[in-house]
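In the order they appear, the protein sequences are chains A and B.
For the first sequence, our numbering gives the first residue as 41, with consecutive numbering after it.
For the second sequence, our numbering gives the first residue as 3, with consecutive numbering after it.
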Amino acid sequence: DSGVTQTPKHLITATGQRVTLRCSPRSGDLSVYWYQQSLDQGLQFLIQYYNGEERAKGNILERFSAQQFPDLHSELNLSSLELGDSALYFCASSLRSYNEQFFGPGTRLTVL
Amino acid sequence: SQQGEEDPQALSIQEGENATMNCSYKTSINNLQWYRQNSGRGLVHLILIRSNEREKHSGRLRVTLDTSKKSSSLLITASRAADTASYFCATFTGANSKLTFGKGITLSVRP
């Protein structure tokens, strides 16, 4: 158990819909990262927050947004969903950017 | 774009044998990390090696780093069926403060 929790585990929705994925980092970790993993794209970094502020951005679509709250939990919002958004979404946390990251179990999103 | 490129893409060995996986990268790094992922699960951090280190050990794992060749290798000794997983190398560069993962190596250990 990494100490990082993600909800929900599975999410099935339709194209055009909006969903919110939630992540609670390991106790004491200030950085939260979001990743998308699919068979064709591999593991793609989406965005990083550090202590409530956006720190780094990766291949995140404009339809996606994220935030980190004062209690350090984070949410990833995916809107106007397309079939191609079906993937595993992972949250990870670390104390500092250069430290090892601890991954949550992931949310499997299926867009029908 | 992928910073770390693992090699080979897939590896199949017999239980008890050693498994060697390689990773090459393109730009200067602060550290390089190896992760394991069991099918459909979250990645698990295995080992971190800093740019000023050449070799590191953790249990049955041995990691080397050659910054002049921009490459790293992960050796798993006396492999077990439970080592069957995907292995990723990830490089951290201070310039963009993010960890960039390779595409991964699929390791199958036959009992």
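The beta carbon of each residue, even a glycine, is placed where N, CA and C say it ideally should be.
Everything numeric in this text was worked out from a predicted model, so none of it was measured.
Residue i: contacting residues in chain A (beta-carbon distance under 7 Å)
i                        : result
asparagine 40 of chain B : Those do not exist, as asparagine 40 of chain B stays about 11 Å from chain A at its closest Cβ, beyond 7 Å.
glutamine 35 of chain B  : Glu140
asparagine 32 of chain B : Tyr138
Any non-hydrogen atom of the ligand NAP within 7 Å of residue i CB
i                       : result
glutamate 17 of chain B : Absence of the ligand NAP is noted for the structure shown, with no ligands found whatsoever.
When the options are compared against residue i, the one with the closest alpha-carbon
i                            : options                              : result
glycine 6 of chain B         : B/Thr22, B/Ile31, B/Glu19            : B/Ile31
tyrosine 37 of chain B       : A/Arg148, A/Asn139, A/Val72, A/Lys49 : A/Asn139
leucine 34 of chain B        : B/Val46, B/Arg112, B/Thr22, B/Glu55  : B/Glu55
serine 133 of chain A        : A/Ser78, A/Arg148, A/Gly92           : A/Gly92
valine 59 of chain A         : A/Val44, A/Pro65, A/Gln84, A/Ser126  : A/Ser126
glycine 82 of chain A        : B/Ile15, B/Ile107, B/Ser75, B/Ile49  : B/Ile107
glutamate 85 of chain B      : B/Val65, B/Asn24, B/Asn40            : The sequence as given places aspartate at residue 85 of chain B; glutamate does not occur at that position. Looking at the Cα atoms, B/Asn40 is the closest of the given residues.
glutamine 76 of chain A      : A/Arg66, A/Leu116, A/Arg136          : A/Leu116
glutamine 107 of chain A     : A/Arg62, A/Pro48, A/Lys49            : A/Arg62
phenylalanine 109 of chain A : A/Ser137, A/Tyr89, A/Thr147          : A/Tyr89
arginine 64 of chain B       : B/Ala80, B/Ser110, B/Ser70, B/Lys72  : B/Ala80
arginine 52 of chain B       : B/Thr95, B/Gly42, B/Asn24, B/Gly18   : B/Thr95
glycine 56 of chain A        : A/Leu121, A/Phe143, A/Ser71          : A/Leu121
serine 26 of chain B         : B/Lys58, B/Ser75, B/Pro113           : B/Ser75
Chain B residues whose Cβ lies nearer than 8 Å to that of residue i
i                      : result
glycine 98 of chain A  : Lys100
serine 42 of chain A   : Gly44, Val46
glycine 146 of chain A : Gly42, Arg43, Gly44
Contacts that residue i makes with chain B (C-beta to C-beta distance below 9 Å)
i                      : result
arginine 95 of chain A : Ser99, Lys100
serine 67 of chain A   : Correct list: empty, because the minimum Cβ distance to chain B is about 17 Å.
serine 133 of chain A  : Residues of chain B passing the Cβ test: none, with the nearest at roughly 11 Å.
Amino acids of chain A, ordered along the chain, whose beta-carbon sits closer than 9 Å to that of residue i
i                        : result
asparagine 24 of chain B : What asparagine 24 of chain B touches in chain A: nothing, since even the nearest Cβ is about 17 Å away.
Contact list for residue i against chain B, beta-carbon separation under 7 Å
i                     : result
serine 126 of chain A : Chain B residues near serine 126 of chain A: none, gap ~14 Å exceeds 7 Å.
DSSP bridge partner residues for residue i (one or two, in chain order)
i                        : result
valine 59 of chain A     : A/Leu118
arginine 38 of chain B   : B/Val46, B/Tyr89
serine 14 of chain B     : B/Ser110
glutamate 8 of chain B   : B/Cys25
isoleucine 31 of chain B : DSSP lists no partner for isoleucine 31 of chain B.
At a Cβ cut of 9 Å, what residues of the stretch 92-111 of chain B count as close to chain A, listed as they run along the chain? Ala92, Phe94, Gly96, Asn98, Ser99, Lys100, Leu101, Thr102, Phe103, Gly104, Lys105, Gly106
Mind listing which residues of the stretch 43-61 of chain B have their C-beta closer than 8 Å to chain A's C-betas, in chain order? Within the stretch 43-61 of chain B, the residues whose Cβ lies closer than 8 Å to some Cβ of chain A are Arg43, Gly44, Leu45, Val46, His47, Leu50, listed in chain order.
May I ask you to list, following chain order, the residues of the stretch 74-95 of chain A that have a beta carbon less than 7 Å from some beta carbon of chain B? Gly82, Leu83, Phe85, Gln88, Arg95
Threshold first: 3 residues or longer. Then list the beta strand (DSSP E) segments lying entirely within the stretch 49-106 of chain B, N to C. 57-60, 63-68, 73-78, 87-95, 100-103
Taking only runs of the beta strand (DSSP E) that begin and end inside the stretch 66-141 of chain A, which ones reach a length of at least 3 residues, in chain order? 71-78, 82-90, 93-97, 104-108, 114-118, 127-134
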